[in-house]
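Asks: The structure under discussion is supplied below as structure tokens; questions concerning it will follow.
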Amino acid sequence: MDFDFAANQSGKPEAALLTAETALKNTPKSPTLLPAQRNALFLLDRIPAAIQSCSLALQPKTDLARARFILARCQLQAGQITDATNSLLETLCTAPEMTAARLLMAELLLK
552 MDFDFAANQS GKPEAALLTA ETALKNTPKS PTLLPAQRNA LFLLDRIPAA
602 IQSCSLALQP KTDLARARFI LARCQLQAGQ ITDATNSLLE TLCTAPEMTA
652 ARLLMAELLL K
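One gets this note's numbering by counting positions in the sequence shown from 1 and adding 551 to each.
What follows is the structure in structure tokens.
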């Protein structure tokens, strides 16, 4: 099951977060569950926890473009414009095809 997709599409981020956190107790570094957790945290507007989750995901593998993109969105919501811009630049270096990151960067540049 794609938990990341389920968290975004179900409209029930609370349930997705509970499911992900329960499963993470058994497999704390699951590459499937960690994105679901951070996406649910972001959707629930738990920005500090989402930033922490993204940062943890990026420690062992800095080229996780989706985690870095979510980190940038969280940083924007937290008012950390410079950090968000840097995160978006790093996202686009590893995933230049990511349209959402390009659009968000363009929006920042136009402000």
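No residue lacks a Cβ here, since even glycine has one placed at the ideal position from N, Cα and C. The structure displayed is predicted, hence computed values, not measured ones.
CB-CB under 6 Å to Ala-651, same chain, minus the five flanking residues each way: which ones, in chain order?
Replies: Within the sequence shown, the letter at position 100 stands for residue 651. Taken in chain order, the list of residues that qualify is empty.
Asks: Just the C-alpha distance for Leu-568 and Ala-587, rounded to the nearest angstrom, thanks.
Replies: Working through the sequence shown from its first residue, we reach residue 568 at position 17. Working through the sequence shown from its first residue, we reach residue 587 at position 36. Rounded to the nearest angstrom, the two C-alpha atoms are 7 Å apart.
Asks: Just mark Ala-618 as buried or exposed, buried being the case when its beta carbon has 16 or more other beta carbons within 10 Å.
Replies: Translated into the one-based positions of the sequence shown, residue 618 becomes position 67. It counts as buried.
Asks: Any chance the segment 627–642 sits against the segment 651–661, with 3 or more Cβ pairs inside 8 Å?
Replies: Output reads yes: the segment 651–661 touches the segment 627–642.
Asks: Using DSSP with H/G/I as helix, E/B as strand and the rest coil, what is Asp-596?
Replies: As a working mapping, residue 596 is identified with position 45 in the sequence shown. If DSSP states are grouped into helix, strand and coil, Asp-596 belongs with coil.
Asks: Taking the alpha-carbon of Gln-631 as reference, which of Thr-570, Asn-577, Ile-602 and Lys-563 has the nearest alpha-carbon?
Replies: Along the sequence shown, read from residue 1 onward, the residue named residue 631 stands at position 80. Out of Thr-570, Asn-577, Ile-602 and Lys-563, Ile-602 has the C-alpha closest to the C-alpha of Gln-631.
Asks: Taking buried to mean at least 16 other C-beta atoms within 10 Å of its own C-beta, is Cys-625 buried or exposed?
Replies: Within the sequence shown, the letter at position 74 stands for residue 625. Per the 10 Å Cβ criterion, buried.
Asks: Leu-640: which of Leu-627, Phe-620, Gln-610 and Pro-582 sits nearest, CA to CA?
Replies: Start at 1 with the first residue of the sequence shown, and residue 640 comes out as number 89. Among Leu-627, Phe-620, Gln-610 and Pro-582, the Cα nearest to that of Leu-640 is on Phe-620.
Asks: Report back the beta-carbon spacing between Ala-629 and Thr-642 to the nearest angstrom; my notes put them in contact at under 8 Å.
Replies: On the sequence shown, residue 629 is found 78 positions in, with the first residue counted as 1. On the sequence shown, residue 642 is found 91 positions in, with the first residue counted as 1. Not quite, the Cβ-Cβ distance comes to about 17 Å (not below 8 Å), so this is no contact.
Asks: With a threshold of 7 Å between beta carbons, is Thr-650 in contact with chain D?
Replies: Considering every chain present, this structure includes no chain D. It has just one protein chain.
Asks: Given this structure, state the Cα-to-Cα distance separating Leu-592 from Ala-571, to the nearest angstrom.
Replies: In the sequence shown, counting from the first residue as 1, residue 592 sits at position 41. In the sequence shown, counting from the first residue as 1, residue 571 sits at position 20. About 11 Å.
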